[in-house]
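Quick note on the numbering used here: the sequence shown kicks off at -11 and runs consecutively.
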Amino acid sequence: MVLITEDLVRRRAEHNNCEILSLEEVSLHQQDIEKIEHIDKWCRDLKILYLQNNLIPRIENVYRLKKLEYLNLALNNIELIENLEGCESLQKLDLTVNFVGRLSSVESLKHNLHLQELFLYLDGKEIGRSERIRARQGLDEVRRRIRQQEQDYLRKRAGEKEEAQREGGEEQRGPIRESRSSAKAKNPGFDGRWYTDINNTIPVPEENKEIQGREEKEKTSCLSSEDQEREFWEKPCAYTPESRLEAHRHLGEKKKAKERKTVKTPKAPRTLITPHGRVMNVNEPKLDFKLTEDGDNNTIVLDLEVYRHMDTSLMDVDVQPTYARVTVKGKIFQLVLPAEVRPDSSTAKRSQITGHLVLTMPKAQGEIILTTPRPPKVSQSSNTPEEKTRKGNSRQRLEVDPSKHSGVDLANIVPRENKSGEQTTFYDNFVDDPDVPPLM
């Protein structure tokens, strides 16, 4: 049973900023409502009320709606027109496809002075002046016939209600009653066997009883769900409020059973990092990407082709030393990086033209590579032409052992004192070497 709650009315009042005190129009159709309540207290200024295609059996709790102009109660289970005297501004009333059997209850609408349109189950045509005149002329006779028809209708409805209650009770007691009748028909003896001689009775083992019980259950459940559904809808029955309510509840149970079957089990959370610490590559949003290394700037660049028109607030970027993770509308994109990076120096930018997300991540180790390569090193023992040219263009200093001098030592030309204090010259210490040729 669906009740009219404050939350339901507020959800239906979106056009009025969910305010119900000043609400002038509300639609509560196709909500499986079985009782009108609370509306006359919450929505005093209501002018239009839609309650069609529900399961409402009575018109009630609307007498406080003084400003109500249009009330739609089509496709319900209403049997009597009542409790509308307080709707002083009522101009249109729709009771199409209901069960109004007491036509004399239409006279209760004479207090609604502003009522102009009334829809019941007639031809839907406007009543002309001539028809009104003929109706007044034969009003007494029409009233007498209507009273007689109402008496027949009330007796018929009493029988229909009693039959519906009996069928409802049989449905509840059906399995027990069937088991008892089957026991009487199939098991006339106290031991569950057919017999003629009481001296030859053999008790049935408990295992055989269980097997017989399972066989009976299989026979009763041999009909498939499709056959049961077909049998339910093809079963002849009178069109009454009870049958309409039964059909509606049958559809509701079928819908709930279908929902229980179609309930999807929640998926296990995707593994992003294994228990052993291994980072996994994940691409749940199925986005194209490009991962490159910028050698000039010693960085790693990730170009992720995010949806162009998606708001940036729906993305979340997380850069770690060994991987990068981007969450796009709740779906995770994770990629292992080829080298360790510095998260604090990484940047994330998005293109305003393509919508791509570009992550620039500097490497944590390694020097910046120079654009001009260094000249190759050459060993000292090599005597290539390039080395000779290089040596000829630069100054070189050679160191020679002083003990290996073969020329004249000019430093001794200057007089100096010997150990005895006498001055000596170069010529005083000169010794002629026969192996040295004379100077020319």
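Positions of the beta carbon are idealized from the N, C-alpha and C atoms, including for glycine. Please read these numbers as outputs of a predicted model, since none were measured by experiment.
Practice task
May I have the straight-line CA-CA distance separating T253 from T(-7), to the nearest angstrom?
Solution key: Within the sequence shown, the letter at position 265 stands for residue 253. Within the sequence shown, the letter at position 5 stands for residue -7. Our two residues, T253 and T(-7), have alpha carbons roughly 31 angstroms apart in a direct line.
Exercise for the section: Output yes or no for whether 9 angstroms exceeds the beta carbon distance between V289 and L345. Expected result: As a working note, residue 289 is residue 301 in the sequence shown. As a working note, residue 345 is residue 357 in the sequence shown. Result no, Cβ atoms of V289 and L345 do not sit closer than 9 angstroms.
Exercise for the section: Tell me whether K29 is buried or exposed, calling it buried when 16 or more other Cβ atoms sit within 10 Å of its Cβ. Expected result: The count along the sequence shown starts at 1 and reaches residue 29 at position 41. Exposed, by the Cβ-count rule.
Practice task
Would you give the residue range spanned by the alpha helix (DSSP H) that F87 belongs to?
Solution key: As a first step, residue 87 must be located in the sequence shown, where it is residue number 99. Membership of F87 in any alpha helix (DSSP H) is not indicated, and neither H nor E is assigned to it by DSSP.
Problem - Same chain only: Cβ atoms within 6 angstroms of V49, ignoring 5 sequence neighbours per side - result: If you number the sequence shown from 1, residue 49 lands on position 61. At residue 49 the sequence reads Asn, which differs from the Val that was named. Taken in chain order, the residues that qualify are I24, E25 and D28.
Practice task
Give the range of the alpha helix (DSSP H) segment to which P229 is assigned.
Solution key: On the sequence shown, position 241 is the one that residue 229 refers to. First-last of the alpha helix (DSSP H) with P229: P229 to T250.
Exercise for the section: Ignore the nearest five residues each way along the sequence and tell me which others in L34's own chain have a CB closer than 8 angstroms to its CB. Expected result: As a working note, residue 34 is residue 46 in the sequence shown. The beta carbon of L34 sits closer than 8 angstroms to those of L11, E12, E13, V14, I27, L53, K55 and L56, all from its chain and outside the five residues before and after it, given in chain order.
Problem - Distance between E247 and I21 (C-alpha atoms, nearest Å) - result: Here residue 21 corresponds to residue number 33 of the sequence shown, with the count starting at 1. Here residue 247 corresponds to residue number 259 of the sequence shown, with the count starting at 1. The C-alpha of E247 is placed about 21 angstroms away from the C-alpha of I21.
Practice task
Determine the burial state of I341: buried for a count of at least 16 other Cβ atoms within 10 Å of its Cβ, exposed for fewer.
Solution key: Indexing the sequence shown from 1 puts residue 341 at position 353. Exposed: under 16 other Cβ atoms inside 10 Å.
Problem - Of the residues G89, L72 and E7, the one placed nearest I66, counting alpha carbons only - result: Residue 66 sits at position 78 when you count from the first residue of the sequence shown. Closest option to I66, Cα to Cα, is G89.
Exercise for the section: Taking only the alpha-carbon atoms, compute the straight-line gap between P237 and L37 and give it to the nearest angstrom. Expected result: Walking along the sequence shown from the start, residue 237 turns up at place 249. Walking along the sequence shown from the start, residue 37 turns up at place 49. The residue you asked about is not Pro; residue 237 is Arg in the sequence shown. Here the alpha carbons of L37 and R237 stand approximately 25 angstroms from one another.
Practice task
Tell whether a beta-carbon distance below 9 angstroms holds between N41 and H17.
Solution key: Position 53 of the sequence shown holds residue 41. Position 29 of the sequence shown holds residue 17. It is a contact, given that the beta carbons lie within the stated cut-off.
Exercise for the section: Mind reading off the beta-carbon distance from L68 to N100? Whole number of angstroms is fine, and I expect it under 8 angstroms. Expected result: Position 80 of the sequence shown, counted from the first residue, corresponds to residue 68. Position 112 of the sequence shown, counted from the first residue, corresponds to residue 100. Actually they are not in contact, since the Cβ atoms of L68 and N100 sit about 16 angstroms apart, beyond 8 angstroms.
Practice task
Over the uninterrupted beta strand (DSSP E) stretch that includes L(-4), give me the two end residues.
Solution key: Taking the sequence shown and counting its residues from 1, one reaches residue -4 at position 8. For L(-4), there is no enclosing beta strand (DSSP E); the residue is part of the alpha helix (DSSP H) that begins and ends at E(-6) to R(-1).
Problem - Beta-carbon gap between V307 and V329 smaller than 9 angstroms - result: Locating residue 307 in the sequence shown gives position 319, counting from the first residue. Locating residue 329 in the sequence shown gives position 341, counting from the first residue. Taking C-beta atoms as the reference points, V307 and V329 count as a pair closer than 9 angstroms.
Problem - CA-to-CA distance, F321 to K244, given in whole angstroms - result: On the sequence shown, residue 244 is found 256 positions in, with the first residue counted as 1. On the sequence shown, residue 321 is found 333 positions in, with the first residue counted as 1. K244 and F321: Cα-Cα distance of roughly 37 angstroms.
Problem - Sub-9 angstroms separation of L83 and L61 beta-carbons - result: Here residue 83 corresponds to residue number 95 of the sequence shown, with the count starting at 1. Here residue 61 corresponds to residue number 73 of the sequence shown, with the count starting at 1. Cβ atoms of L83 and L61: closer than 9 angstroms.
Problem - L(-4) versus Y109: straight-line alpha-carbon distance, rounded - result: Within the sequence shown, numbered from 1, the residue matching residue -4 stands at position 8. Within the sequence shown, numbered from 1, the residue matching residue 109 stands at position 121. Roughly 30 angstroms separates the two Cα atoms.
Practice task
Drop a sphere of 10 angstroms on the beta-carbon of Q278, count the other beta-carbons inside from all chains shown, and report buried for 16 or more, exposed for fewer.
Solution key: Numbered from its first residue, the sequence shown carries residue 278 at position 290. For the sequence presented, residue 278 should be read as Lys rather than Gln. Counting Cβ neighbours within 10 Å, K278 comes out exposed, since fewer than 16 surround it.
Problem - First and last residue of the uninterrupted alpha helix (DSSP H) at D28 - result: Counting from 1 along the sequence shown, the entry for residue 28 is found at position 40. I27 to W30 is the extent of the alpha helix (DSSP H) around D28.
Exercise for the section: Give me whichever residues DSSP pairs with P350 in a beta bridge. Expected result: Translated into positions along the sequence shown, residue 350 becomes position 362. Under DSSP, the beta-bridge partners assigned to P350 are T287.
Exercise for the section: Quick one: residues in its chain with C-beta nearer than 6 angstroms to the C-beta of E76, no 5 flanking neighbours on either side, listed in chain order? Expected result: As a first step, residue 76 is located in the sequence shown; it is residue number 88 there, counting from the start. Cβ neighbours of E76 beyond the five flanking positions: K54.
Handout entry: As assigned by DSSP and simplified to three states, the class of A62
Key = Position 74 of the sequence shown, counted from the first residue, corresponds to residue 62. Under the three-state reduction of DSSP, A62 is assigned to coil, being neither helix nor strand.
Practice task
Give me the Cα-Cα distance between I44 and F87, rounded to the nearest whole angstrom.
Solution key: Here residue 44 corresponds to residue number 56 of the sequence shown, with the count starting at 1. Here residue 87 corresponds to residue number 99 of the sequence shown, with the count starting at 1. Distance between I44 and F87, taken at the CA atoms: about 11 angstroms.
Exercise for the section: Label T437 either buried or exposed according to how many other C-beta atoms from any shown protein chain fall within 10 Å of its C-beta, with 16 as the threshold for buried. Expected result: No information on residue 437 is available, as it lies outside the stretch -11 to 428 that the chain covers here.
Exercise for the section: Determine the burial state of T184: buried for a count of at least 16 other Cβ atoms within 10 Å of its Cβ, exposed for fewer. Expected result: Working through the sequence shown from its first residue, we reach residue 184 at position 196. Any reading at T184 must be qualified, since the residue scores a pLDDT of 38, below 50, and its modelled position is unreliable; no value is offered.
Exercise for the section: Note down, in chain order, each residue of its chain lying with its Cβ closer than 6 angstroms to the Cβ of L91, except the 5 sequence neighbours on either side. Expected result: Reading the sequence shown from its first residue, position 103 is the one you call residue 91. Listed in chain order, the non-local C-beta contacts of L91 below 6 angstroms within the same chain comprise I134, local neighbours out to five positions each way being set aside.
Problem - Classification of T287 by the beta-carbon crowding that lies within 10 angstroms, buried from 16 upward - result: As a first step, residue 287 must be located in the sequence shown, where it is residue number 299. Buried.
Exercise for the section: Check the DSSP bridge columns for M268 and list the partner residues they point to. Expected result: If you number the sequence shown from 1, residue 268 lands on position 280. For M268, which the question treats as bridged, DSSP gives no partner whatsoever.
Problem - CA-to-CA distance, K242 to K274, given in whole angstroms - result: Numbered from its first residue, the sequence shown carries residue 274 at position 286. Numbered from its first residue, the sequence shown carries residue 242 at position 254. If I take the Cα positions, the gap works out to 38 angstroms.
Exercise for the section: Would you grab the beta carbon distance between Y295 and G343 for me? Rounded to a whole angstrom, and I think it's under 8 angstroms. Expected result: On the sequence shown, residue 295 is found 307 positions in, with the first residue counted as 1. On the sequence shown, residue 343 is found 355 positions in, with the first residue counted as 1. Indeed they touch by this definition, with Cβ atoms about 6 angstroms apart.
Exercise for the section: Helix, strand or coil for D82, going by three-state DSSP, please let me know. Expected result: Taking the first residue of the sequence shown as 1, we reach residue 82 at position 94. Here D82 sits in strand by DSSP.
Practice task
Helix, strand or coil for I320, going by three-state DSSP, please let me know.
Solution key: By one-based count along the sequence shown, residue 320 stands at place 332. Residue state, collapsed to three classes: strand.
Handout entry: Nonlocal neighbours in the same chain, by C-beta distance under 6 angstroms from C31, ignoring five residues either side
Key = Here residue 31 corresponds to residue number 43 of the sequence shown, with the count starting at 1. Counting only residues of its own chain and dropping the five nearest sequence neighbours on each side, C31 has a CB closer than 6 angstroms to the CB of I8 and L11.
Practice task
Select from A256, K337 and R154 the residue whose C-alpha is nearest the C-alpha of D291.
Solution key: Translated into positions along the sequence shown, residue 291 becomes position 303. Ranking A256, K337 and R154 by Cα distance to D291 puts K337 first.
Exercise for the section: Could you check the C-alpha separation between R218 and K319 for me, to the nearest Å? Expected result: Taking the sequence shown and counting its residues from 1, the one referred to as residue 218 is at position 230. Taking the sequence shown and counting its residues from 1, the one referred to as residue 319 is at position 331. Between R218 and K319, the C-alpha separation is close to 45 angstroms.
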